[in-house]
Amino acid sequence: MSPLLRALTFSRAAHEPVTQAMLLQCYTGLDAFRRGHGSRALFTTLGRQLLVADELCHLGFERNDRMAIQEAHAAMMQIDAVARENGVWVMSDADYAWLCFALDVFARQLAAASLENIAMAEAKMLEGLLTAGRLPALAEAS
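Going from the sequence shown to this note's numbering is simple: count from 1 and add 38.
1) Output the distance between the C-alpha atoms of residue 170 and residue 163, rounded to the nearest integer angstrom.
2) Spatial neighbours of residue 121 within its chain, please: CB distance less than 7 Å, with the 5 preceding and 5 following residues excluded, ordered by chain position.
3) Could you check the C-alpha separation between residue 108 and residue 137 for me, to the nearest Å?
4) Does the beta-carbon distance from residue 67 to residue 88 come in below 8 Å?
5) On the premise that residue 151 lies in contact with residue 99, defined as a C-beta separation below 8 Å, what is that separation, rounded to the nearest angstrom?
6) When burial is assigned at 16 or more other CB atoms within 10 Å of the CB, is residue 159 buried or exposed?
7) Where does residue 180 land, buried or exposed, given buried means 16+ other C-beta within 10 angstroms?
Shown next as structure tokens:
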């Protein structure tokens with residue numbers, strides 16, 4: 039890692055804009071789904087941020103609230119199922135409540151984690167997605 043990138047990684051001045059942008063994406067998606075204006079792109083963005091939150095739990099940030107992240111994942115699967123069935127990206131009150139709880143956990147994680155921790159969580163999330171994408175292809179090749 040370059041010295042400049044390392045300095046930025048540990049700088050609190052750089053931390054806030056990055057984490058606020060991540061949270062803004064999440065809350066924008068949450069609001070769109072709540073109003074019935076969700077989309078596949080917003081679903082993907084929100085889902086990826088929840089996967090980052092799960093990885094931050096594995097790194098020890100808000101580990102005791104991991105259940106909220108898992109319930110939010112389940113809520114996202116319900117939202118996807120409804121969208122596949124009737125083409126409307128909307129959420130129930132219960133799904134909304136779990137996502138709000140999970141995003142509160144995510145906000146606390148982002149406040150406590152360094153940019154290096156967040157980057158590690160994002161890398162693990164991407165690694166997991168790539169691995170998951172390869173598993174069905176490997177199974178079909180067998």
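Built from N, CA and C at the ideal position, the CB exists for glycine as well.
Taking the geometry as given:
1) In this structure, the alpha-carbon of residue 170 lies about 10 Å from that of residue 163.
2) These residues qualify, in order along the chain: 127.
3) Those two C-alpha atoms are separated by around 10 Å.
4) Not in contact: residue 67 and residue 88 (Cβ atoms no closer than 8 Å).
5) Confirmed, about 5 Å.
6) By the beta-carbon neighbour count (other beta carbons within 10 angstroms, threshold 16), residue 159 is buried.
7) At residue 180, the pLDDT of 36 sits below 50, so the modelled position is not reliable; the number obtained from the coordinates is stated separately. Exposed.
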